[in-house]
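Protein chains in written order, with our numbering: chain A, 54 to 371; chain B, 1324 to 1405.
Idealized CB from N, CA, C, for every residue including glycine.
Since the structure comes first, as structure tokens, the remarks are kept for the end.
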Amino acid sequence: MTGPAAAEAEDLAAPLYVAWQITNECNLACLHCIEESGPGKAFADELDRDQVFAVLDQLLDSEVPYLSFSGGEPMLHPHFFAMVERACERGAQLKIETNAHYLDPANAARLKALGVKAVQVSLDGASIATFGRMRVRGEFDRVLDGVRNLRDAGVPIEINFSPASFNMHEVDAVVDLAYELGAYSFYTGRTMYTGNAVKAWRHLEVTEDQYVAFFNALRRKTEEYRGRMRVYFHEAGLLEELRYRIQHPAALLIVLPNGLVKLINALPFICGDFRRDSLEQIWARFRTAWHDPRVAGFVEDLATDPGKTRTLHQWVYL
Amino acid sequence: MRLAQYVKFREEKFGGVLFETRSEKVFTLNPTATAVIREIASGDEATIATRLKDRFIGQGDAIEREVLAFVAELRQRGLIEG
């Protein structure tokens, strides 16, 4: 009767998951930021209040079961809590992806009261020095306080770690810290060569040998925390992942702050615009867009030019 | 008996899907499984067992076994509770 992960996007009436980057504004200027977010980096044409709620209501009317709000820093969005309230009261499972700088006790309690599924916090080091090197303008202690506030409020916590040459040696300590802070889940993968990372790559770049040691450490941590905290990681490289996705598109839409919809974060292709198109139209175009030869062509170009990911922000409209 | 806290259900043309949003696992459902989940998702918890029995039991041994096995599988995977 059932099959895990067997639902193909082509068979579904609507997406199962919408990852919505609600603003590009951010209080931090992270070295590796895929979105090139930062202070003053909000898009000039970000959706206004009416547009935001029109999109949200379409998603909820179509019973999209799972949403995430990210950024930039989503808590800087002027209607953040109203959006959270609307999504939760209409039954969606909602995850917030935040840098935790605005998670004071009152905000953490508010997220709990509204019923968010989880809050995912980025923690790229186990020390002030390492964390601060990646999270430019970030305050390590403030992040830890924010996560503790979530824990005290009873909000489920996920910790996310982005590897770089200068923080990989702390991964065991970060996993331990995540557990101490009360996380139920720890996730990491490979840092992508795109966005801000292109300029900072000489500081960030991880060799394959380093990745082998990194993933071996994570395998040990997975076993150590089995039954207490889920430690998981995505070991595959981007090319392998995208080749799989072309054959098996996930039922996932990536929505940008201005309402444009990306096929997947790691490709430059735009398959819809919520300022103009309905969810039904976008979903139909999403499903056919995966068969567009330009998509397969871009992916196969990555085999010979992995650095092509530096162009992901040069959007291509399908 | 009810869907677990982080499990969402949606009907589709082919039947339905269950989405366990913590592990982000999706389970596809055939029409019979969808009918079972519809009962679990929308019903009064106190009477769910009776309603499942009324609906499926007596429709033949095969379907009765299938429904019982399915409910056991849902429970084993943590998709239902109570």
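Original post:
Are any of the Cβ atoms in chain B nearer than 7 Å to that of Ala-66 (chain A)?
Top reply: yes
**OP:** Report all residues from its chain with a CB closer than 6 Å to the CB of Gln-111 (chain A); omit the five preceding and five following residues, and keep chain order.
**Re:** Leu-332
Original post:
How big is the Cα-Cα spacing for Val-314 (chain A) and Phe-327 (chain A)?
Top reply: 7 Å
Subject >> First through last residue of the alpha helix (DSSP H) which encompasses Ser-1365 (chain B) >> reply: 1354-1365
Subject >> Thr-76 (chain A) versus A:Ala-66, A:Ala-67, A:Glu-88, A:Leu-65, residue with shortest Cα-Cα distance >> reply: A:Glu-88
**OP:** Out of B:Glu-1343, B:Glu-1334, B:Gly-1338, B:Phe-1337, point me to the one whose CA is closest to Tyr-119 (chain A)'s CA.
**Re:** B:Glu-1343
Original post:
Taking the Cβ atom as the reference point for each residue, do Phe-322 (chain A) and Leu-291 (chain A) lie within a distance shorter than 7 Å?
Top reply: no
**OP:** With 7 Å as the threshold, decide whether the Cβ of Tyr-20 (chain A) is near any Cβ in chain B.
**Re:** This structure cannot settle anything about residue 20 (chain A), because the visible part of chain A is limited to 54 through 371.
Subject >> Partner residues on chain B for Glu-116 (chain A), Cβ-Cβ distance less than 7 Å >> reply: Arg-1333
**OP:** Identify every residue that forms a DSSP beta bridge with Gln-74 (chain A).
**Re:** A:Ser-123
Original post:
Just how far apart, CA to CA, sit Arg-273 (chain A) and Cys-86 (chain A)?
Top reply: 28 Å
**OP:** Report yes or no: is there a C-beta of chain B within less than 7 Å of the C-beta of Leu-305 (chain A)?
**Re:** no
**OP:** Just list the beta strand (DSSP E) runs in the segment 144-230 of chain A, keeping only unbroken ones of 3 residues or longer that don't cross its boundaries, in chain order.
**Re:** 146-151, 171-175, 210-214
Subject >> Rounded C-alpha distance that separates Gly-312 (chain A) from Thr-364 (chain A) >> reply: 20 Å
Subject >> C-beta contact flag for Val-137 (chain A) and Leu-167 (chain A) at 7 Å >> reply: yes
**OP:** Look at the Cβ atom of Asp-225 (chain A), then the Cβ atom of Ala-266 (chain A), and state whether they are nearer than 7 Å.
**Re:** no
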